[in-house]
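This report refers to the structure that appears directly beneath it.
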């Protein structure tokens with residue numbers, strides 16, 4: 336079994352697409368179902384990230400209410416990806432650091448929608 340995609344709700348589709356475009360994602364598919372725009376983004380053949388935008392949503396998009404802790408991406412250059420994300424509008428959560436218990440070098444940011452993203456490489 337392989338993970339196919341991760342779906343996150345966004346309050347501003349254009350802003351979300353600009354942010355993930357800056358991280359090297361490209362649109363791979365798009366459709367609208369029951370008024371909700373679904374845009375799939377891919378990067379280097381990885382599984383897709385699905386952005387869901389509902390213009391009629393009446394409750395705020397809140398990652399903690401969706402029980403999303405973080406979305407992790409393996410990258411070759413943790414520091415460079417961290418800086419690219421910050422330049423694209425992310426807020427720093429954890430500067431690039433070795434996480435001995437996980438045997439990884441990792442950094443965390445909060446994307447413009449408030450989702451926590453992890454960028455890591457194995458040590």
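Residue numbers (the numbering used here): 336 to 458.
Note that beta-carbon positions come from the ideal geometry of N, C-alpha and C, so glycine has one too.
For clarity, every value in this text was computed on a predicted model and none was experimentally measured.
| Item | Value |
| --- | --- |
| Buried or exposed (CB count within 10 angstroms, at least 16 for buried), residue 431 | buried |
| Supposed contact pair residue 395 and residue 424 - C-beta distance, whole angstroms, cut 8 Å | In fact, because the Cβ distance is near 19 Å, the residues do not count as touching under 8 Å. |
| Inter-residue Cα distance where the pair is residue 434 and residue 390 | 40 Å |
| Test item: CB-CB of residue 413 and residue 442 under 8 Å | yes |
| Residue burial classification, residue 426 (beta-carbon count within 10 angstroms, cutoff 16) | exposed |
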